[in-house]
Amino acid sequence: MPENLIVPRHIGIIMDGNGRWAKNRGLPRTAGHIQGAKTFKKCVGYCRDMGVECVTFYAFSTENWKRPKAEVDAIMKLFSQYLDDAMKMTEEDAKFVFLGDPEPLSDELKKKIRIVTDASAENKGIVCCIAINYGGRDDIVHAVRSIMNDNISADEVDEALISERLYTKNLPEVDLIIRPSGEQRLSNFLIWQAAYAEYVFMDVLWPDFGKSDLEEAVAEYSRRNRRFGGI
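The sequence shown begins at 6 in our numbering and counts up one residue at a time.
And the structure:
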């Protein structure tokens, strides 16, 4: 790893470009998702080795249900397989947190999520957050509804209270958002949490994202002057 890097406590990664990776090779989009899942697993290890405390992956958004059913089904199948692999990673002290509304997911997936969450709850290693059926706006709506259900008065509502009701409660603030694939937008990912995050957009497609790309993004982050509204 290059010297003098300032390692972010919390990195958010928008895993983008699976479909284009497959199209460039004359393969079905599902092949891109399979390769992207492999990159996902390796990237957890890269972040752990670098000393990142928490990494959040945007796996499936609230808008992704609009995709063809066959593609959605393939993604959910891959997610199920990854949850099986995640159980092995819990033995390496990794902690898993799942962000988003699980209700639309199958009973099998919800059961596996509960098992992995419970098995890793006391682990002290890297925190791996999976955002599935997640949207930044939905996250805020979920928080507001939670506050209203508790009959909390308007004058008691502040930023801290809303943060405590988000899916990311108890997690460190997001320091760095990485988006491969050349696109330059958040796409409804951690929009509250990324208020003061640094953004790094990269031309590499997610299935080709490697250790050197992560190091390049963190090196760029290290060069930024984070003032948080000050001078």
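Quick reminder that beta carbons are idealized off the backbone N, C-alpha and C, glycines included.
- Query: In three-state DSSP terms, what is K174?
  - Reply: In this structure, DSSP gives K174 a state outside helix and strand, which the three-state scheme calls coil.
- Item | Collapsed DSSP secondary structure at T61 in the structure displayed | The answer is strand: DSSP assigns T61 an E or B state.
- Query: Between the segment 26-37 and the segment 147-159, are three or more C-beta pairs nearer than 8 Å?
  - Reply: As far as the Cβ criterion goes, the segment 26-37 does not touch the segment 147-159, which means the pair count is below three.
- Just the Cα atoms here: how many angstroms apart are P185 and A202? Approximately 16 Å between the Cα atoms of the pair.
- Which whole-angstrom value is the C-beta distance of V57 and I16, which I expect to be below 8 Å? Right, the Cβ-Cβ distance comes to about 6 Å (below 8 Å), so this counts as a contact.
- Could you name the residues that DSSP lists as bridge partners for Y204? According to the DSSP secondary-structure assignment, Y204 is paired through a beta bridge with I182.
- Which of helix, strand or coil does DSSP assign to N9? In the structure shown, N9 falls within a coil segment according to DSSP collapsed to helix, strand and coil.
- Assigned secondary structure, A126 (DSSP; H/G/I helix, E/B strand, else coil): Three-state DSSP puts A126 in coil, outside helix and strand.
- Item | Inter-residue spacing [alpha-carbon to alpha-carbon] between D98 and P13 | Spanning the two alpha carbons is a distance of roughly 20 Å.
- Task: Between the Cα of V146 and those of E113, R170 and R229, spot the shortest distance and give me the residue it belongs to.
- Result: That would be R170, whose Cα lies nearest to the Cα of V146.
- Using the C-alpha atoms, what's the distance from F84 back to V121? Approximately 13 Å, taken between the alpha carbons.
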